[in-house]
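In our numbering, the protein residues as written are 205 to 762.
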């Protein structure tokens with residue numbers, strides 16, 4: 205027997221088992237509430253039959269107290285009946301819980317005569333009393349159960365309604381996630397990643413992100429030693445491929461497949477020649493900075509007096525507050541606008557943070573910066589990653605341009621991190637400290653039948669620091685293009701503050717046409733007797749009336 209509260213606490217499969225025992229038809233199609241009502245109805249209808257069957261007591265066995273011998277004198281062949289052991293019997297009733305009744309078991313004799321009438325009367329009297337007691341106890345238990353059910357019916361109904369409402373609200377609030385298909389990252393997701401490889405001493409490497417200035421970050425992608433050996437990877441390689449998320453116990457994403465290596469397929473790059481073994485040449489193809497209808501006087505003068513070619517190693521020599529950063533910005537924008545095939549990188553070392561933001565917003569190029577509040581080892585690491593990346597791109601035939609501001613501060617950073625050798629030059633410069641900056645600046649070259657690496661760097665002079673003077677003297681003859689800026693022109697607000705007489709490019713005959721070269725010789729002879737202020741004033745007056753350099757050169761004689 206199950207009451208209403210017990211049935212409500214059961215789950216649906218348990219209710220199905222109870223209904224199956226009660227022979228309820230079509231119980232699987234019923235809801236929980238309907239099934240509970242069916243079970244209660246079936247139990248009530250089956251109660252009288254069960255009670256009549258279960259409450260029918262068995263015939264008790266009464267053990268005689270006195271030992272009697274029933275063998276008569278005349279029967280000599282009769283055998284004595286052995287005394288049977290007493291047996292305890294328990295009456296188990298479901299509805300009324302009646303205490304166990306232990307009755308004595310009567311003695312049996314095989315050849316004994318029938319029991320006496322007195323014994324039969326005692327047994328009948330005992331059985332009738334037991335029946336009356338059991339029936340009275342069963343009636344009292346049923347009356348109490350009915351009264352308890354009647355009293356608890358409203359409370360159970362209210363609790364049932366609250367429980368049903370609570371389950372309904374909980375089901376509505378629960379997100380329906382079990383109906384969504386199972387998503388497997390490894391099987392379904394194709395995650396593509398890209399970065400610049402930095403090799404570790406143990407043979408493996410990490411792909412560094414440009415968002416973190418090629419330093420260690422959470423976006424790093426692990427590259428196994430087997431992949432490094434298979435594709436011949438080196439520090440600075442730009443790798444694009446498929447990656448997988450980190451597994452349990454791992455920290456980084458892992459590279460699964462290499463799709464592109466420096467913009468090309470891995471098969472084309474595998475047999476490349478290293479950068480140091482490529483043949484360098486003079487620049488032969490010019491970067492056209494100004495358009496035909498451009499009114500930017502700075503770019504027009506650079507195109508005429510100190511043209512920049514692919515593979516140029518140019519240096520802008522500037523005093524403080526002469527507008528060198530503005531000129532660098534205009535050069536970068538001119539290359540990005542007229543030569544989209546060139547990969548342009550703006551490298552800012554030890555610069556002001558606001559200038560970094562301005563450069564990122566005004567130049568369409570990759571800006572890699574390390575501000576003056578960063579340690580010197582960070583300056584060195586960023587510059588080395590940019591240089592290695594550029595070398596790997598040049599090995600694959602690309603044209604790369606690095607605009608550096610400034611090489612003087614980069615040399616200061618290398619001098620800071622250089623180990624003490626005991627040999628110090630004037631100004632506090634270590635003897636071996638300038639070797640790395642020279643390797644950086646000397647990497648600019650035009651590759652025979654290949655790509656090119658162009659570096660345009662600024663060098664500071666007249667800063668009042670002896671170290672800056674020593675650094676400039678070391679780099680003075682290393683470049684093949686030099687652009688001089690004059691502080692006196694900047695003080696008089698004459699821009700661009702370029703000293704055109706002192707600015708020139710080595711082997712500019714390879715970059716300019718023959719007719720342009722002849723007219724430039726005539727112009728330089730005319731400007732040779734003037735100082736920087738007079739020459740710049742004359743050029744600005746003559747060039748403002750023309751739309752391009754070709755028109756200016758044609759109108760020189762007329």
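The beta-carbon is built from N, C-alpha and C at its ideal position, and this holds for glycine as well.
From a predicted model like this one, the values you see are computed outputs, not experimental measurements.
**OP:** Could you name the residues that DSSP lists as bridge partners for residue 410?
**Re:** 402 and 426
Subject >> beta strand (DSSP E) segment containing residue 768, residue limits >> reply: Lying before the first or after the last residue shown, residue 768 is absent from the chain, which here runs from 205 to 762.
Subject >> Cβ pair residue 410, residue 596 closer than 9 angstroms >> reply: no
**OP:** Kindly indicate the opening and closing residues of the beta strand (DSSP E) around residue 582.
**Re:** First-last for residue 582: 580 to 599, but that is the alpha helix (DSSP H), not the beta strand (DSSP E).
Subject >> Supposed contact pair residue 638 and residue 678 - C-beta distance, whole angstroms, cut 8 angstroms >> reply: 5 angstroms
Original post:
Should residue 516 go down as buried or exposed, given a rule of 16 or more other Cβ atoms within 10 Å for buried?
Top reply: buried
Original post:
Is it true that the CB of residue 529 sits closer than 9 angstroms to the CB of residue 609?
Top reply: yes
Original post:
At what residues does the alpha helix (DSSP H) containing residue 507 begin and finish?
Top reply: 501 to 509
Subject >> Rounded Cβ spacing between residue 491 and residue 512 (contact assumed at less than 8 angstroms) >> reply: 5 angstroms
Original post:
Mind checking residue 603: buried by the 16 CB within 10 Å criterion, or exposed?
Top reply: buried
Original post:
For residue 497 versus residue 751, is the C-beta distance shorter than 9 angstroms?
Top reply: yes
Subject >> Classification of residue 353 by the beta-carbon crowding that lies within 10 angstroms, buried from 16 upward >> reply: Note that residue 353 scores a pLDDT of 49, beneath 50, so its modelled location is shaky and nothing firm can be said.
Original post:
Where does residue 544 sit, in a helix, a strand or coil, going by DSSP?
Top reply: coil
**OP:** Examine the Cβ distances between the region 636 to 652 and the region 567 to 575 and report whether three or more of them are shorter than 8 angstroms.
**Re:** no
Subject >> Beta-carbon contacts of residue 215 that lie in its chain and below 8 angstroms, excluding the five residues immediately before and after >> reply: none
Original post:
Is the Cβ-Cβ distance between residue 399 and residue 420 less than 9 angstroms?
Top reply: no
Subject >> Beta-carbon gap between residue 473 and residue 459 smaller than 9 angstroms >> reply: no
Subject >> For residue 231 and residue 206, the rounded distance between their alpha carbons >> reply: 17 angstroms
Subject >> Buried versus exposed call for residue 184 [16 or more other C-beta atoms within 10 Å across all chains shown] >> reply: Look at the range of the chain in this structure, 205 to 762, and you will see that residue 184 is not part of it.
**OP:** Might you give, ordered along the chain, the residues of its own chain that have their beta carbon closer than 8 angstroms to the beta carbon of residue 296, omitting 5 neighbours on each side?
**Re:** Caution applies to residue 296, whose pLDDT of 46 falls short of 50 and renders its modelled position unreliable; the value that the coordinates give is listed next. None.
Original post:
Looking only at its own chain, which residues have a Cβ that is under 7 angstroms from the Cβ of residue 222, when we skip the five neighbours before and after it?
Top reply: 206 and 243
Subject >> Reduced DSSP secondary structure (H/G/I, E/B, other) of residue 706 >> reply: If DSSP states are grouped into helix, strand and coil, residue 706 belongs with coil.
Original post:
Residue range of the beta strand (DSSP E) that residue 444 falls in?
Top reply: 442 to 448
Original post:
Nearest-angstrom Cα distance between residue 708 and residue 580?
Top reply: Rounded to whole angstroms, residue 708 to residue 580 spans 33 angstroms at the Cα level.
**OP:** State whether the region 605 to 623 contacts the region 661 to 678, with contact taken as three or more CB pairs (one from each stretch) at a distance under 8 angstroms.
**Re:** yes
Original post:
Per DSSP, residue 650 forms a beta bridge with which residues?
Top reply: Among the bridge pairs identified by DSSP, residue 650 is matched with 485 and 656.
Original post:
When the Cα atoms are used, what is the spatial distance from residue 692 to residue 728?
Top reply: 21 angstroms
Original post:
In whole angstroms, what is the alpha-carbon distance linking residue 418 and residue 553?
Top reply: 14 angstroms
Subject >> For residue 473, three-class secondary structure by DSSP >> reply: helix
Subject >> Nonlocal neighbours in the same chain, by C-beta distance under 7 angstroms from residue 508, ignoring five residues either side >> reply: Excluding five sequence positions before and after residue 508, the CB atoms of its chain that fall closer than 7 angstroms to its own CB belong to 724 and 753, given in chain order.
Original post:
Counting along the chain, where does the beta strand (DSSP E) carrying residue 519 start and finish?
Top reply: 517 to 522
**OP:** Give the C-beta separation of residue 539 and residue 548 to the nearest angstrom, bearing in mind that I take them to be a contact with Cβ-Cβ under 8 angstroms.
**Re:** Contact between residue 539 and residue 548 holds, since their C-beta atoms are separated by about 6 angstroms, short of 8 angstroms.
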